[in-house]
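Asks: Residue numbers (the numbering used here): -18 to 151. Ideal Cβ positions, reconstructed from N, Cα and C, are used throughout, including at glycine. Just so it is clear, the structure is predicted and the values come from calculations on it, not from any experiment. Okay, here's the structure, questions in a sec.
Here it is, written out as structure tokens:
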């Protein structure tokens, strides 16, 4: 195992144009959907490419090709989902993109609810408010409570055992 690890450490795969194009195309699509580019995205692009190089090394490849970048991007997307950064139809849904959408507040409520609801579709109100606040679309918790109360009045929220269940189809 030590020999393998030492061998892999010394492999220096070259990044192909196809690999660069694959990465650039992916992040250009995110940029189009999410708005202006930020330094964080540039760092993210660099990190994904470094990860693609690591994958190529693991496969003992002399080149980083499209498949390595695609695997790195897939792992990146799945990893971001576990951290609460949501992707929707290839779009990274962040504070910035939510504020740009017409229904950003409703989308923040939907994303928060979907991420914390139990198997029966219920969520604790306090946890829901805390999760919604992480999207930074509402200025404060009181505005969230007002919106949730409005949804209750419109029969979009049912309550059982001090837990909420939201119906999006009413």
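Can you give me the Cβ contacts of residue -18 inside the same chain, cut-off strictly under 6 Å, excluding the 5 residues immediately before and after it?
Replies: Excluding sequence neighbours, residue -18 sits near nothing in its chain.
Asks: Please return the same chain residues whose Cβ sits closer than 6 Å to the Cβ of residue 50, not counting the five positions on each side in sequence.
Replies: Excluding sequence neighbours, residue 50 sits near 0, 3, 4 and 33.
Asks: Taking the alpha helix (DSSP H) that residue -8 falls in, what are its first and last residues?
Replies: Segment: none, residue -8 is in no alpha helix (DSSP H) and carries neither H nor E.
Asks: Could you check where the alpha helix (DSSP H) with residue 145 kicks off and where it finishes?
Replies: Segment 144 to 147 is the beta strand (DSSP E) holding residue 145; no alpha helix (DSSP H) there.
Asks: For residue 17, which residues of its own chain have a beta-carbon under 7 Å away from its beta-carbon, when the five flanking residues on both sides are left out?
Replies: Residue confidence for residue 17 is low, a pLDDT of 48 falling below 50, so the modelled location carries little weight and cannot support an answer.
Asks: Quick one: what does DSSP say residue 45 is sitting in, helix, strand or coil?
Replies: Of the three classes helix, strand and coil, the one that applies to residue 45 here is strand, per DSSP.
Asks: Tell whether a beta-carbon distance below 8 Å holds between residue 97 and residue 108.
Replies: Against a cut-off of 8 Å, the Cβ pair of residue 108 and residue 97 comes out as a contact.
Asks: What residue from 29, 35 and 8 has the CA that sits closest to residue -12's CA?
Replies: Among 29, 35 and 8, the Cα nearest to that of residue -12 belongs to 35.
Asks: To the nearest angstrom, how far is it from the Cα of residue 58 to the Cα of residue 8?
Replies: Whole-angstrom Cα-Cα distance: 12 Å.
Asks: Anyone know if the C-beta pair for residue 43 and residue -5 falls short of 8 Å?
Replies: Yes, they are a contact pair.
Asks: If you follow the alpha helix (DSSP H) that residue 141 is part of, which residue opens it and which one closes it?
Replies: Segment 138 to 141 is the beta strand (DSSP E) holding residue 141; no alpha helix (DSSP H) there.
Asks: For residue 104, which of helix, strand or coil comes out of DSSP?
Replies: If DSSP states are grouped into helix, strand and coil, residue 104 belongs with the strands.
Asks: Return helix, strand or coil for residue 135, following the three-state DSSP convention.
Replies: Looking at residue 135 - three-state DSSP - the assignment turns out to be coil, as it is neither helix nor strand.
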